[in-house]
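Asker:
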Amino acid sequence: DAKTTQPPSMDCAEGRAANLPCNHSTISGNEYVYWYRQIHSQGPQYIIHGLKNNETNEMASLIITEDRKSSTLILPHATLRDTAVYYCIGGQDMRFGAGTRLTVKP
Amino acid sequence: DSGVTQTPKHLITATGQRVTLRCSPRSGDLSVYWYQQSLDQGLQFLIQYYNGEERAKGNILERFSAQQFPDLHSELNLSSLELGDSALYFCASSYGASNEKLFFGSGTQLSVL
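What follows is the structure, encoded as structure tokens:
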């Protein structure tokens with residue numbers, strides 16, 4: 003079973019920051035946490051990953067708590083094209099949970 | 002383009018039949034993962050191969066089997082197909098055996114009629 007827990011759905015206004023939480027208390031201290039998103043029925047797309055420190059790339063920022071039990075993916079200025087299902091995964095065998103369906107509204 | 006190639010893109014078949022889905026990983030990647038996604042459902046992990054050997058098994062039915070060949074491409078065989086097997090089947094690849102970035106193919110849409 004997946005080792006992560008995410009809210010099933012979230013809404014965000016266009017242009018605002020979208021903050022997507024994930025609990026991953028069972029992922030070991032030396033295992034990366036990865037975030038992916040899936041738009042419609044396309045193959046999931048890698049967004050970002052991290053271990054202990056906060057990370058930022060051109061797509062998003064990742065904030066990982068000091069105890070590594072949870073993380074938050076931040077899309078700083080959400081657009082309509084960011085509407086998708088977002089998955090946070092980790093662990094040895096990369097099992098996906100149900101993810102969070104983010105809807106960006108105009 | 003992720004570099005992962007899945008064929009065919011669409012497959013329509015009848016109940017009781019057998020099909021084979023093919024996946025070519027990114028050049029240099031040694032791991033291949035298979036996932037099943039039914040309509041409006043999440044991604045269900047089926048099985049992982051690393052360098053030709055089965056490494057992890059998920060919710061894969063006994064009617065399903067997979068293998069990874071010496072050239073590292075993988076095939077997922079689905080037999081005695083049922084209506085409920087209709088789904089999107091994704092393949093992903095990574096370089097290492099575990100906890101690495103996955104690159105996904107565009108999927109094979111299987112319809113069992």
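Those protein sequences? They're chains G and Y, same order as listed.
When we follow the numbering used here, the leftmost residue of the first sequence carries the number 3, and every step to the right adds one.
When we follow the numbering used here, the leftmost residue of the second sequence carries the number 2, and every step to the right adds one.
All C-beta atoms, glycine included, are put in the ideal place defined by N, C-alpha and C.
Looking at L64 of chain G and Y34 of chain G, is the spacing between their C-beta atoms short of 8 Å?
Answerer: no
Asker: With H, G and I counted as helix, E and B as strand and the rest as coil, what does DSSP make of D59 of chain Y?
Answerer: Looking at the sequence itself, residue 59 of chain Y is Gly, so the reference to Asp does not match. In the three-state scheme derived from DSSP, where H, G and I count as helix and E and B as strand, G59 of chain Y is classed as coil.
Asker: For E54 of chain Y, collect the residues of the same chain with a Cβ closer than 7 Å to its Cβ; drop the 5 residues on either side in sequence, then sort them by chain order.
Answerer: none
Asker: Would you give the residue range spanned by the beta strand (DSSP E) that H50 of chain G belongs to?
Answerer: In the sequence as presented, His is not what sits at residue 50 of chain G; that position holds Ile. Per DSSP, I50 of chain G belongs to the beta strand (DSSP E) from Q47 to G52.
Asker: Quick check: what's the CA-CA separation for R83 of chain G versus P108 of chain G?
Answerer: 11 Å
Asker: Do we get a CB-CB distance below 8 Å when we pair N52 of chain Y with the residues of chain G?
Answerer: no
Asker: Take the Cβ of G101 of chain G as the centre, count every other Cβ of all protein chains shown within 10 Å, and call the residue buried at 16 or more, exposed below.
Answerer: buried
Asker: Exposed or buried, what is A19 of chain G when buried is set at 16 or more other beta-carbons lying within 10 Å of its beta-carbon?
Answerer: Burial call: exposed.
Asker: Would you verify that the beta carbon of G59 of chain Y is, or is not, closer than 8 Å to some beta carbon of chain G?
Answerer: yes
Asker: Output the distance between the C-alpha atoms of C90 of chain G and T7 of chain G, rounded to the nearest integer angstrom.
Answerer: 8 Å
Asker: From A80 of chain G to T28 of chain G, what distance separates their C-alpha atoms?
Answerer: Cα to Cα, the separation comes out at about 30 Å.
Asker: Any contact between the segment 26-38 of chain Y and the segment 7-18 of chain Y? By contact I mean 3 or more CB pairs, one from each, below 8 Å.
Answerer: no
Asker: For G93 of chain G versus N100 of chain Y, is the C-beta spacing smaller than 8 Å?
Answerer: yes
Asker: Write down the C-beta distance between G45 of chain G and F46 of chain Y rounded to the nearest angstrom, noting that I regard them as a contact closer than 8 Å.
Answerer: With 8 Å as the limit, G45 of chain G and F46 of chain Y do not qualify as a contact, their Cβ atoms being about 15 Å apart.
Asker: Specify, as a first and last residue, the run of the beta strand (DSSP E) that A88 of chain Y falls within.
Answerer: A88 to S95
Asker: Where does R83 of chain G sit, in a helix, a strand or coil, going by DSSP?
Answerer: helix
Asker: To the nearest angstrom, how far is the alpha carbon of S32 of chain Y from that of C14 of chain G?
Answerer: 36 Å
Asker: Along the chain, where does the beta strand (DSSP E) that runs through N21 of chain G open and close?
Answerer: N21 of chain G -> beta strand (DSSP E) spans A20 to N25.
Asker: Count the other CB atoms, across all protein chains shown, that sit within 10 Å of the CB of R70 of chain G; report buried if there are 16 or more and exposed otherwise.
Answerer: That one is buried.
Asker: List the whole-angstrom C-beta distance separating K102 of chain Y from S95 of chain Y, where the pair is believed to meet the contact cut-off of C-beta under 8 Å.
Answerer: 6 Å
Asker: Quick one: is A100 of chain G near chain Y, going by C-beta distance under 8 Å?
Answerer: yes
Asker: Report the residue from Y:N52, Y:I48 and Y:G108 whose alpha carbon sits nearest the alpha carbon of P71 of chain Y.
Answerer: Y:N52
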